[in-house]
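Engineer: First residue of the sequence shown? That's 5 in this note's numbering, and the numbers climb one at a time after it.
All C-beta atoms in this analysis are idealised placements derived from N, C-alpha and C, irrespective of residue type, glycine included.
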Amino acid sequence: MSLLPLLLNIIGLMALVAMCLGSTERLNPPPLLKGFVLGLPFAAAACITMMMPVVLPDGTVINGRSLFLAFAAAFGGFVPYLVAALIALVGHMEITDLAVGQAIRPSLCAGVVGLGWRFFVYPRFGMSIGSLLLLGLIVSGLALLLLFVSSGQGLSLFMQTYPATLVGSLAAALILGTFIDREMRHLSEARLWQEQAYTDALTSLANKRAFYEATAALSGKTSPFSILVIDVDHFKKINDTHGHDVGDLALKAIAASVSATLAGRGRAFRLGGEEFVALLPGVQSQQGLELAEAIRHAVAGLCVDAGGRSVRATVSIGIADNSDAQEPPHVVSAADAALYLAKAGGRNRSILSGDVSGEPVVAVQERPAMTKVAGDRA
Numbered sequence: 005m006s007l008l009p010l011l012l013n014i015i016g017l018m019a020l021v022a023m024c025l026g027s028t029e030r031l032n033p034p035p036l037l038k039g040f041v042l043g044l045p046f047a048a049a050a051c052i053t054m055m056m057p058v059v060l061p062d063g064t065v066i067n068g069r070s071l072f073l074a075f076a077a078a079f080g081g082f083v084p085y086l087v088a089a090l091i092a093l094v095g096h097m098e099i100t101d102l103a104v105g106q107a108i109r110p111s112l113c114a115g116v117v118g119l120g121w122r123f124f125v126y127p128r129f130g131m132s133i134g135s136l137l138l139l140g141l142i143v144s145g146l147a148l149l150l151l152f153v154s155s156g157q158g159l160s161l162f163m164q165t166y167p168a169t170l171v172g173s174l175a176a177a178l179i180l181g182t183f184i185d186r187e188m189r190h191l192s193e194a195r196l197w198q199e200q201a202y203t204d205a206l207t208s209l210a211n212k213r214a215f216y217e218a219t220a221a222l223s224g225k226t227s228p229f230s231i232l233v234i235d236v237d238h239f240k241k242i243n244d245t246h247g248h249d250v251g252d253l254a255l256k257a258i259a260a261s262v263s264a265t266l267a268g269r270g271r272a273f274r275l276g277g278e279e280f281v282a283l284l285p286g287v288q289s290q291q292g293l294e295l296a297e298a299i300r301h302a303v304a305g306l307c308v309d310a311g312g313r314s315v316r317a318t319v320s321i322g323i324a325d326n327s328d329a330q331e332p333p334h335v336v337s338a339a340d341a342a343l344y345l346a347k348a349g350g351r352n353r354s355i356l357s358g359d360v361s362g363e364p365v366v367a368v369q370e371r372p373a374m375t376k377v378a379g380d381r382a
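Structure (structure tokens):
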């Protein structure tokens, strides 16, 4: 009786399972679908090991099914374990002549072992070497089932098979655990870099690149949207008078105010310098004007502390929508032209474009500022 071929098969299959898990994590499907997909490689590996069993002298059949089910529970969770266990149960009925009960009991024990490690050990110790070795040690304890399923030779067979089971369990836990840990760290770093590539470092708003991609996604669609182009009035004067550090604080405060005012009705971006933009899906120009006014008043109420001196700022806003089924670049141009008129008309006001055709804007609706902010000159 030699367990070496089975041991080598288990280790090789575990490496393949690890590769499949890495691919699934990179694809990042929806949670429920992800749970199903994560269970498939464990189920396939369990079925393959059932095709290459080791038969003990008393007729007891052992394979690596329970190990893969335990690792499905440990590294995937309940849904992957359930998927793998159900598929492995069907495979058991098709591949072997053994009673279904001989598959159910070990499968349940494997699930308890794997989920126990996942919920009680992993949260505290993570994927450390010690944690993975403990998992392998616990999983190897499934060999104790031989004491109950063998005919009078359980202890003897356990002593003969346990060393190989222990080695296989430890190796499988280390292979799968270290691969998953490395893959998750790489994915986390990649997502962090991607997030940073689309985030403005100063204000934490989405940046110009993110805005262009967001508007490109709207190209060719007929659903309404509005764009607000927002510019801080006399920002150079704030920098020159109080210094760039205070200017940065003002930009951060304005960015936070814009985001809070939008409150799920749109997304704010910083294009650079003192210029911001808001993209409002499903919002037409009149609603956009109301939001622009809310933003303008919110910003006018801000007060930035500059070493004991209060610094206030105002914004001018241009608004345009795609009511004439224009593409996003034309809407941006119309909103930008409306902003120019707001600046030329005295600042601290919102201007609604009357034309998004891409031609020069010749008609606007204007809502004058309700209050004047100290220090701002028309």
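Tell whether a beta-carbon distance below 8 Å holds between Gly118 and Phe183.
Structural biologist: By 1-based counting over the sequence shown, the position of residue 118 is 114. By 1-based counting over the sequence shown, the position of residue 183 is 179. No; because the gap between Cβ atoms is not below 8 Å, this pair is not in contact.
Engineer: Excluding the 5 residues flanking Phe40 on each side, which residues of the same chain have their C-beta closer than 6 Å to its C-beta?
Structural biologist: Stepping through the sequence shown from its first residue, residue 40 is reached at position 36. Correct list, in chain order: Val87.
Engineer: Could you tell me the distance, in whole angstroms, from the CA atom of Gly224 to the CA atom of Leu266?
Structural biologist: By 1-based counting over the sequence shown, the position of residue 224 is 220. By 1-based counting over the sequence shown, the position of residue 266 is 262. Their backbone Cα atoms lie some 25 Å apart in a straight line.
Engineer: Would you check if the distance between the CB atom of Ala254 and the CB atom of Ile242 is smaller than 8 Å?
Structural biologist: Your numbering for residue 254 matches position 250 in the sequence shown. Your numbering for residue 242 matches position 238 in the sequence shown. Yes, Cβ-Cβ distance for Ala254 and Ile242 is below 8 Å.
Engineer: Excluding sequence positions up to five away, which residues of its chain have a Cβ less than 6 Å from the Cβ of Ile299?
Structural biologist: Your numbering for residue 299 matches position 295 in the sequence shown. Excluding sequence neighbours, Ile299 sits near Val262, Thr265.
Engineer: Can you name, in chain order, every residue of its own chain whose Cβ lies under 6 Å from the Cβ of Ala168, other than the five neighbours on each side?
Structural biologist: Within the sequence shown, the letter at position 164 stands for residue 168. So the qualifying residues of the chain are Leu7, Leu11.
Engineer: For the alpha helix (DSSP H) holding Ala147, just list the boundary residues, first then last.
Structural biologist: Within the sequence shown, residue 147 is the residue found at index 143, counting from 1. Per DSSP, Ala147 belongs to no alpha helix (DSSP H) and is neither H nor E.
Engineer: Looking at the unbroken beta strand (DSSP E) that takes in Arg351, where does it start and where does it end?
Structural biologist: The residue given as residue 351 occupies position 347 in the sequence shown. Counting along the chain, Arg351 falls outside any beta strand (DSSP E), and DSSP gives it neither H nor E.
Engineer: For the beta strand (DSSP E) holding Val281, just list the boundary residues, first then last.
Structural biologist: Taking the first residue of the sequence shown as 1, we reach residue 281 at position 277. Where Val281 is concerned, the enclosing beta strand (DSSP E) stretches over 279-285.
Engineer: Under a three-way DSSP split, which group does Ala205 fall into?
Structural biologist: Along the sequence shown, read from residue 1 onward, the residue named residue 205 stands at position 201. If DSSP states are grouped into helix, strand and coil, Ala205 belongs with coil.
Engineer: Comparing alpha-carbon positions, which option in Leu136, Val125, Leu180 lies nearest Phe46?
Structural biologist: The count along the sequence shown starts at 1 and reaches residue 46 at position 42. Residue Leu180 is the option with its Cα nearest to Phe46.
Engineer: Any idea what DSSP makes of Arg385, helix, strand or coil?
Structural biologist: Since the displayed the chain opens at 5 and closes at 382, residue 385 lies outside it and no answer follows.
Engineer: Note down the Cα distance separating Glu294 from Val125, rounded to an integer number of angstroms.
Structural biologist: The residue given as residue 294 occupies position 290 in the sequence shown. The residue given as residue 125 occupies position 121 in the sequence shown. If you take the alpha carbons of Glu294 and Val125, they lie about 53 Å apart.
Engineer: Would you say Ala324 and Ser230 are within 8 Å of each other, going by their C-beta atoms?
Structural biologist: As a working mapping, residue 324 is identified with position 320 in the sequence shown. As a working mapping, residue 230 is identified with position 226 in the sequence shown. Yes, Cβ-Cβ distance for Ala324 and Ser230 is below 8 Å.
Engineer: What does the Cβ neighbour count give for Ile66, buried or exposed, with the cut at 16 atoms within 10 Å?
Structural biologist: As a working note, residue 66 is residue 62 in the sequence shown. With 16 or more Cβ atoms within 10 Å of its Cβ, Ile66 is classed as buried.
Engineer: Report the partner residues of Leu232 according to the DSSP bridge assignment.
Structural biologist: Against the sequence shown, residue 232 aligns to sequence position 228. Bridge partners of Leu232: Ala282, Ile323.
Engineer: Candidates Phe82, Phe162, His248, Thr226: which alpha carbon is nearest Pro35's?
Structural biologist: For this step, residue 35 is matched to residue 31 along the sequence shown. Of the candidates Phe82, Phe162, His248, Thr226, the one whose C-alpha sits nearest the C-alpha of Pro35 is Phe82.
Engineer: Which residue from Ala210, Asp340, Ala220 puts its Cα closest to that of Gly274?
Structural biologist: Here residue 274 is taken as the residue at index 270 of the sequence shown, counted from 1. The question names Gly, but residue 274 is Arg in the sequence shown. Cα-wise, what sits closest to Arg274 is Ala210.
Engineer: The beta strand (DSSP E) spanning Ser314 covers which residue range?
Structural biologist: What you label residue 314 is simply residue 310 of the sequence shown in a count that begins at 1. Note, Ser314: beta strand (DSSP E), 313-315.
Engineer: Just checking, does the region 171-179 make contact with the region 132-152 on the three C-beta pairs under 8 Å criterion?
Structural biologist: yes
Engineer: Roughly how many whole angstroms lie between the Cα atoms of Gly134 and Gly120?
Structural biologist: To locate residue 134, count along the sequence shown from 1; it is residue 130. To locate residue 120, count along the sequence shown from 1; it is residue 116. Roughly 16 Å separates the two Cα atoms.
Engineer: Please classify Gly120: does DSSP put it in a helix, a strand, or coil?
Structural biologist: Within the sequence shown, residue 120 is the residue found at index 116, counting from 1. Of the three classes helix, strand and coil, the one that applies to Gly120 here is helix, per DSSP.
Engineer: Taking the beta strand (DSSP E) that Asp309 belongs to, which residues open and close that run?
Structural biologist: Within the sequence shown, residue 309 is the residue found at index 305, counting from 1. Run containing Asp309: 308-310, per the beta strand (DSSP E) assignment.
Engineer: DSSP has Arg274 in a bridge; who is on the other side?
Structural biologist: By one-based count along the sequence shown, residue 274 stands at place 270. Per DSSP, Phe280.
Engineer: Within 10 angstroms of its Cβ, does Asn32 collect 16 or more other Cβ (buried), or is it exposed?
Structural biologist: Start at 1 with the first residue of the sequence shown, and residue 32 comes out as number 28. Under a 10 Å Cβ-count criterion, Asn32 is classified as exposed, with fewer than 16 other Cβ atoms of the shown protein chains found around its own Cβ.
Engineer: Less than 8 Å between the C-beta atoms of Gly416 and Leu283, yes or no?
Structural biologist: With the chain running from 5 to 382 in the structure shown, residue 416 is simply not present.
Engineer: Answer yes or no: do Phe215 and Val281 have a C-beta to C-beta separation smaller than 8 Å?
Structural biologist: As a working mapping, residue 215 is identified with position 211 in the sequence shown. As a working mapping, residue 281 is identified with position 277 in the sequence shown. Result yes, Cβ atoms of Phe215 and Val281 sit closer than 8 Å.
Engineer: Answer yes or no: do Val233 and Ala339 have a C-beta to C-beta separation smaller than 8 Å?
Structural biologist: In the sequence shown, residue 233 corresponds to position 229, counting from 1. In the sequence shown, residue 339 corresponds to position 335, counting from 1. Yes, they are a contact pair.
Engineer: Mapping the DSSP letters down to three states, classify Val125 as helix, strand or coil.
Structural biologist: The residue given as residue 125 occupies position 121 in the sequence shown. Helix, per DSSP.
Engineer: Check whether the Cβ of Ile14 sits closer than 7 Å to any heavy atom of the ligand SAH, and report yes or no.
Structural biologist: The model on display carries no ligand, and the ligand SAH is accordingly not part of it.
Engineer: Once the 5 residues before and after Ser357 are set aside, which same chain residues still bring their CB inside 7 Å of it?
Structural biologist: To locate residue 357, count along the sequence shown from 1; it is residue 353. Excluding residues within five positions, the ones whose Cβ falls inside 7 Å are Gly322, Ile323, Ala324, Ala338, Ala339, Ala341, Ala342, Val365, Val368.
Engineer: Closest to His301 by CA distance: which of Leu60, Arg313, Glu29, Thr318 is it?
Structural biologist: For the purposes of this step, residue 301 is identified with residue 297 of the sequence shown, where counting begins at 1. Among Leu60, Arg313, Glu29, Thr318, the Cα nearest to that of His301 belongs to Thr318.
Engineer: Taking 6 Å as the limit between beta carbons, can you name the residues of its chain near Ser361, skipping five residues before and five after?
Structural biologist: Within the sequence shown, numbered from 1, the residue matching residue 361 stands at position 357. Because the pLDDT of Ser361 is 40, which lies under 50, any placement of that residue in the model is unreliable, and the question is left without a value.
Engineer: Return the residue from the list Gln291, Gly16, Asp309 that minimises the CA-CA distance to Ile52.
Structural biologist: For the purposes of this step, residue 52 is identified with residue 48 of the sequence shown, where counting begins at 1. The shortest C-alpha separation from Ile52 is found at Gly16.
Engineer: Express the C-alpha separation of Leu71 and Arg128 in angstroms, rounding to a whole number.
Structural biologist: The residue labelled residue 128 in the question sits at position 124 within the sequence shown. The residue labelled residue 71 in the question sits at position 67 within the sequence shown. Rounded to the nearest angstrom, the two C-alpha atoms are 23 Å apart.
Engineer: Taking the alpha-carbon of Leu90 as reference, which of Asp101, Phe79, Leu73, Gly80 has the nearest alpha-carbon?
Structural biologist: On the sequence shown, residue 90 is found 86 positions in, with the first residue counted as 1. It is Leu73.
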